[in-house]
Amino acid sequence: MLTEEMCYCPLDIQEQLPLDEENKQIQARLVEEELARWLSSSLSPDDDHNPQRRGKDDFSYELSQPDGSDLVTIHYDTDHDTRVTVLISNGLGYIYRRADQTCPAGSGQFSLSSTGLRKGQYIIYINVDGNQYAEKVNVK
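Quick note: the sequence shown uses this note's numbering, first residue 1, plus one each step.
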């Protein structure tokens, strides 16, 4: 009698397989599709030329991540009280952190911890009253 066995390889290990080019191409395509769904404007997360962004909702922000720090800080200016949701995910869209914040009118900041995340590149998704932005950050 034959028995079948299955082997489960965790996703974080699958991402590190050295000779898996076909899946790497699929992962890259999925990341692009995910970003396209999240971004409602022409803003690109690769656009590092202008770290200050301005959306339709009069909300501008800048990300900072001091070297050696486990914190990603969002400095913002808003013309009115606004609701902000921030997600930290990997390139495949798996969400590792979520923060919901009500930002009062004016300038302010809030931070997200990257403690416990594996080294690598992550995407910060920012949703401000329905307007969406994305940025890349590196966890060291």
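Cβ atoms here follow ideal geometry from the backbone N, Cα and C, with glycine treated the same way. Predicted model, so just to flag it, every value in this text is computed and none were measured.
Residue i in three-state terms, based on DSSP
i	result
Arg29	helix
Asn90	coil
Lys119	coil
Lys24	helix
Ser113	strand
Ala99	strand
Leu43	With a pLDDT of only 44 at Leu43, under the threshold of 50, the placement of this residue in the model should not be trusted; the figure read from the coordinates follows. Coil.
Gly68	coil
C-alpha gap between residue i and residue j, whole angstroms
i	j	result
Tyr133	Tyr125	6 Å
Gln109	Leu117	22 Å
Ile88	Asp79	25 Å
Ile26	Glu62	31 Å
Val84	Phe59	10 Å
Ile74	Gly93	20 Å
Cβ of residue i within 9 Å of any chain D Cβ
i	result
Asp81	Note that chain D does not occur in the displayed structure, where there is just one protein chain.
Residue i, enclosing beta strand (DSSP E) - first and last residue
i	result
Ala134	131 to 139
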